[in-house]
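Per our numbering, the sequence shown starts with residue 22, numbered consecutively.
We put the CB at the ideal spot given by N, CA and C, even for glycine.
Below is one structure; the comments refer to it alone.
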Amino acid sequence: MSRLVILIASLFVLSCDQNLKSNAEDRWYTRDQVDFGAVLFSKNCAVCHGEEAEGPVGDWRQRLDDGSFPPPPLNGSAHAWHHPISMLLQVINEGGASFGGMMPAFSDTLGDGDKLAVIAYFQSYWTDEVYYRWELMGGTD
Numbered sequence: 022m023s024r025l026v027i028l029i030a031s032l033f034v035l036s037c038d039q040n041l042k043s044n045a046e047d048r049w050y051t052r053d054q055v056d057f058g059a060v061l062f063s064k065n066c067a068v069c070h071g072e073e074a075e076g077p078v079g080d081w082r083q084r085l086d087d088g089s090f091p092p093p094p095l096n097g098s099a100h101a102w103h104h105p106i107s108m109l110l111q112v113i114n115e116g117g118a119s120f121g122g123m124m125p126a127f128s129d130t131l132g133d134g135d136k137l138a139v140i141a142y143f144q145s146y147w148t149d150e151v152y153y154r155w156e157l158m159g160g161t162d
C-alpha cells in the first residue's frame, strides 16, 4: 500500500512540475524587449543591482550604515517577484526612498517602453517556477 501512495504522490508532483513549466513558458515580453532591456539595465541599473540582476554582495535585507537598504537582487532570488508590473514601474518611476532605499527616480530618464524593457530583462533571469508564481499573484495586473 505504501508503494502505491508513493507512486501516486510522485506522479502528482511530476505532473504539477510539468504544468508549472508549461504554463510559464509564455511570458509577457519579447526577446527584443529583453535584448533592449539588457542595454538599458547595464547603463542605468547594473552599477547597483549587478550586471545579471544578482544584487550586491551581502544581505540586501540588512540596513547599511546610513540606515538605507542596499539594492535587492532582481533575478528572482529576492522580493521583486512578489510585486506586479504596476508596482515595479512605480519603484522605477519614483525611486526607492519610500521603501528605505537609495534608488533614484527614473520617471524623467526612461520612457514607458524603456522601463518595461528593463523589467523584461531582469525577469528573463527568473526561473519558470518563480515567473509562474508571479503570474498567479497577478503580476501582469
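- Beta-bridge partners of Phe90 (DSSP): Gly122.
- Spanning the alpha carbons of Ser63 and Arg82 requires a straight line of approximately 23 Å.
- The C-beta separation of Gly121 from Pro93 comes to about 11 Å, leaving the pair out of contact by the 8 Å criterion.
- Here the region 66 to 76 lies against the region 92 to 107, with 3 or more beta-carbon pairs under 8 Å apart.
- In this structure, the alpha-carbon of Trp155 lies about 16 Å from that of Leu137.
- Closest in C-alpha terms to Pro125, from the list Gly116, Leu110, Val139, comes Gly116.
- Judged by DSSP in its simplified three-state form, Trp102 adopts helix.
- DSSP places Met158 outside both helix and strand once states are collapsed to three, so it counts as coil.
- Separation of the CB atoms of Ala118 and Tyr50 is rounded to 27 Å, and the pair is thereby denied contact status at 8 Å.
- Per DSSP, Asp135 is one residue of the alpha helix (DSSP H) stretching across 133 to 144.
- Under the DSSP assignment, Gln54 falls in the alpha helix (DSSP H) whose first and last residues are 52 to 65.
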